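Read top to bottom, the protein sequences are chains Y and A. Just so we're aligned, residue 1 is where the first sequence starts under this note's numbering, counting upward by one. Just so we're aligned, residue 1001 is where the second sequence starts under this note's numbering, counting upward by one.
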Amino acid sequence: MIPDVPAAGPDAYPLLRAVDLRVEVPVDGILRPAVDGISLTMGRGECLAVVGESGCGKTMLGRALLDLLPEGARRSGSVHLDGHDLSGITDAEWSGIRGRRIALVFQEPGAALDPVRTIGAQIDEALRRGDRGNSGARRRRAASLLAEVAFPDPERGLAEYAHRLSGGQRQRAFLAIALAGDPALLIADEPTASLDATVAADVLDLLDRLRRERGLSLLLITHDLASAARRADRVLVLYAGRIAEEGPARSVLLEPRHPYTRALLACVPRLSDAASLGRRLPAIPGSVPDLAFRPRGVCAFVPRCPDRFAPCDLEEPLLYPAGSSLARCFLFAPSLLPAVADPAR
Amino acid sequence: MTGRELLEARDLRKTYPAGRTGKRVAAVDRVSFRIDTGETVAFVGESGSGKTTIGRLVARLETADAGSIRFDGEDWLALSGEALRRKRRHVQIVFQDPQTSLNPRMRVGDQVAEPLRVQKLVGRRELEDRVAALLREVGLDPAASARFPSEFSGGQRQRIAIARALATRPRLLVCDEPVSALDASVAAQIINLLLDLQRDLGLAYLFISHDLPLVSRVADRVAVLYLGRIVEEGPAATLIARPLHPYTAALISSVPGHGPGEPAARIALAGEPGRGTAENPGCDFAPRCPIARPRCRVEVPPLAKIFPGSRAACFYPGELRVPTL
Chain Y
1 MIPDVPAAGP DAYPLLRAVD LRVEVPVDGI LRPAVDGISL TMGRGECLAV VGESGCGKTM
61 LGRALLDLLP EGARRSGSVH LDGHDLSGIT DAEWSGIRGR RIALVFQEPG AALDPVRTIG
121 AQIDEALRRG DRGNSGARRR RAASLLAEVA FPDPERGLAE YAHRLSGGQR QRAFLAIALA
181 GDPALLIADE PTASLDATVA ADVLDLLDRL RRERGLSLLL ITHDLASAAR RADRVLVLYA
241 GRIAEEGPAR SVLLEPRHPY TRALLACVPR LSDAASLGRR LPAIPGSVPD LAFRPRGVCA
301 FVPRCPDRFA PCDLEEPLLY PAGSSLARCF LFAPSLLPAV ADPAR
Chain A
1001 MTGRELLEAR DLRKTYPAGR TGKRVAAVDR VSFRIDTGET VAFVGESGSG KTTIGRLVAR
1061 LETADAGSIR FDGEDWLALS GEALRRKRRH VQIVFQDPQT SLNPRMRVGD QVAEPLRVQK
1121 LVGRRELEDR VAALLREVGL DPAASARFPS EFSGGQRQRI AIARALATRP RLLVCDEPVS
1181 ALDASVAAQI INLLLDLQRD LGLAYLFISH DLPLVSRVAD RVAVLYLGRI VEEGPAATLI
1241 ARPLHPYTAA LISSVPGHGP GEPAARIALA GEPGRGTAEN PGCDFAPRCP IARPRCRVEV
1301 PPLAKIFPGS RAACFYPGEL RVPTL
């Protein structure tokens, strides 16, 4: 069911491929699937956006790709990097991947940066892990990394401490550290959620540029479907630990198929709404179900779905082709298609 | 719906010490505005713009250094002691994060009842009925009364906070980023609740937000703040269709659009906000402004009426246009 993504490079394998990834986390002593059978493929230089509300499993998915899971969590399924299976590799092998092949940036760079060491020392540490030259060469490299992320006055930036920087500068400094290992894939988990709109747009532009200039692949984890879809090549919309819809970014944004994707786009106010001043928003009733109270064996969105019909309460839908996307919804199940009157779907 | 003047603020100013320098920085500077009964006035801006401080000044949680507020014909900032306690019921506040604004160790019913008890508005017998009615009003089961905040989702907790704020039947509700900690689908429910309550109770809102599209949906008028000052103010639809201040244009352009009339490209700003200094006596926005001229670096543009109902603090209002789809 995973669409074929042509690898951007000459290599025979996609950069990253995850198959039937599942992460179970303990909730009151019972293991519950936070990530529930997600498969994805990423090509070189590609930007894949993983979009969803809290509790959909998007952060856990990013962590699972790096095997950075909370205490007591259990992972199954496989992750392949450049065609190599990462299941069962040693901790030493992981440390050659984390920060080197795959780097991670978070929402709160303030919490991720070391408060008592300079930005320069933290970039240097990352460069030393990669054995990148003598101290003079590393210093020049560190300054050029800060310049690459458009940090104002890179030379001075090396001597700065995190607490003296603005939120946007902290995120840039953190990106410079992430880039020190020369990764092929950057996993960015809500990289702009704590930033002001104008600064957030700057950081997203920077990520776009790094992708172009370095051929970096970007896994962008976010709650903001509209802004992600403008920058990504493809979008995965998650709901309750599963893929609800996936497809080319433009299709998901302009022709959303799954009732959840459509509702999610509709309930967010838009600038062009100014004429609808004071009119209620088309809200989705209820909220994302808690891990412990997820409907099993039926569609997880059923309690909130405006389009539910007979089969939804009987079994779980698969991902069916829907236009140029895939949607986990019986509206698109080939065997049921004649029963659905609306051909526009 | 909207009617006569409920609140008028004039030249509000609030300063805080700037680090260890001994200097003071103005979080809010010469801010004037008016809110009519049943009206929503929104303050929009980024961090450090002073929007939260304005809400706290109006709710009397902070004391202004200068300026005046008239509420319902009275000198609102002069009220103190018993008179303030009695009048306070008319202005309530809802915060961004119900996680921190609710007491985790107090039952929901007691928290909703607290303002009624403090204000001695209802007898003990009636209290339970009033709490149940308030919970129903915000879309919760009155049985919620006996439970603790931790047993509720983020959206439900915000409903509880709203019920508590409504307990004293205020005329003005300060909503400080009321949905920015919530998921999109839940945020829409809370916005709808606020719209319904306004219609049913004739409430006025001072709505504080960084979210321009949301504000354009809920607010009659919008004031855009930059470093503690209003740089533009006007009816929401006009302000978005025809921004007068270049900062407003840049804010609008940073909202990703995908439909007709929505921003097509972003107006990028240089650097980050920085206040004027002795060497830079001009417009605070000039260092980042794409259309700044020499005059802007030496002179502060006053907030002036550009056309009826719209004010802007810019020597070249309306010059910077947002490219649209």
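Glycine residues also receive a C-beta, built at the ideal position from the N, C-alpha and C atoms. None of the values given here were measured: they were computed from a predicted structure.
- Take the alpha-carbon of THR198 of chain Y and the one of GLY99 of chain Y: they are about 28 Å apart.
- Residue-level contact by beta carbon holds for ILE1240 of chain A and chain Y, with a gap shorter than 7 Å.
- Y:ALA266 is the residue among Y:ALA266, Y:ALA180 and Y:LEU186 whose C-alpha sits nearest the C-alpha of ALA1187 of chain A.
- The continuous stretches of alpha helix (DSSP H) do not include THR41 of chain Y, which lies in the beta strand (DSSP E) extending over residues 30-42.
- For LEU158 of chain Y, the enclosing alpha helix (DSSP H) starts and ends at 154-158.
- Counting C-beta pairs closer than 8 Å gives three or more between the segment 236-256 of chain Y and the segment 44-56 of chain Y, which meets the contact rule.
- Annotation: the continuous beta strand (DSSP E) that includes SER1310 of chain A extends over 1310-1312.
- Within the segment 1165-1218 of chain A, complete alpha helix (DSSP H) segments of at least 4 residues are found at 1184-1201 and 1212-1218, given in chain order.
- Sequence-distant Cβ neighbours of ALA333 of chain Y in its own chain, meaning closer than 8 Å and more than five residues away, are PRO311, PRO317, LEU318 and TYR320.
- Exposed is the label assigned to LYS1023 of chain A, since fewer than 16 other Cβ atoms lie within 10 Å of its Cβ.
- Sixteen is the threshold: when 16 or more other Cβ atoms of the shown chains lie within 10 Å of the Cβ of ILE1054 of chain A, as they do, the residue is buried.
- When Cβ-Cβ separations below 7 Å define contact, PRO269 of chain Y makes contact with chain A.
- Residue state for PHE1033 of chain A is assigned as strand, using DSSP reduced to three classes.
- Neighbourhood of HIS1258 of chain A in chain Y, by CB distance below 8 Å: ALA226, ALA229, ARG230, LEU253 and LEU254, in chain order.
- Inter-residue distance for TRP1076 of chain A and SER1032 of chain A is about 14 Å (C-alpha atoms, whole angstroms).
- Of all residues in the segment 1163-1187 of chain A, only ASP1183, ALA1184, SER1185 and VAL1186 come within less than 7 Å of chain Y when Cβ atoms are compared, listed by chain position.
- Counted as a single uninterrupted DSSP element, the beta strand (DSSP E) harbouring SER217 of chain Y occupies residues 217-222.
- According to DSSP, residue pairing for TYR1316 of chain A in a beta bridge does not occur.
- Counting only unbroken stretches of 3 or more residues, the beta strand (DSSP E) elements lying wholly within the segment 1028-1095 of chain A are 1040-1044, 1066-1071 and 1091-1094, in sequence order.
- Under the three-state reduction of DSSP output, LEU185 of chain Y falls in the strand class.
- For THR1100 of chain A, DSSP assigns no beta-bridge partner whatsoever.
- Counting the other Cβ atoms within 10 Å of the Cβ of GLU1262 of chain A gives 16 or more, which makes it buried.
- Contact annotation for GLY1155 of chain A against chain Y: SER287 [CB-CB distance below 8 Å, chain order].
- DSSP places TYR260 of chain Y inside the alpha helix (DSSP H), whose first and last residues are 259-266.
- The segment 93-112 of chain Y makes contact with the segment 183-191 of chain Y; the number of CB pairs closer than 8 Å reaches 3 or more.
- Around the beta carbon of PHE293 of chain Y, a 10 Å sphere encloses fewer than 16 other beta carbons of the protein chains shown; the residue is thus reported as exposed.
- Excluding residues up to 5 positions away in sequence, THR1040, VAL1041, ALA1042, PHE1207 and ALA1236 lie with their Cβ nearer than 7 Å to the Cβ of ALA1219 of chain A in the same chain.
- In terms of beta-carbon proximity, SER1254 of chain A lines the interface with chain Y, with at least one pair separated by less than 7 Å.
- Per the coordinates, the alpha-carbon of ASP205 of chain Y lies some 41 Å from the alpha-carbon of THR1063 of chain A.
- Under the Cβ criterion of 7 Å, ASN1280 of chain A is not counted among the residues facing chain Y.
- When A:ALA1268, A:ARG1147 and A:ASP1110 are compared, the shortest CA-CA separation from ARG1321 of chain A is found for A:ALA1268.
- Of the other Cβ atoms in all chains shown, 16 or more fall within 10 Å of the Cβ of LYS1014 of chain A; this residue is therefore buried.
- The beta carbon of PHE174 of chain Y sits closer than 7 Å to the beta carbons of VAL105, PRO109, ALA112 and LEU113 from its chain, once the five residues preceding and following it are set aside; these are given in chain order.
- A distance of 7 Å or more separates the beta carbons of ALA1144 of chain A and VAL1131 of chain A.
- For ASP85 of chain Y, the three-state secondary structure derived from DSSP is strand.
- Counted as a single uninterrupted DSSP element, the alpha helix (DSSP H) harbouring ARG211 of chain Y occupies residues 197-214.
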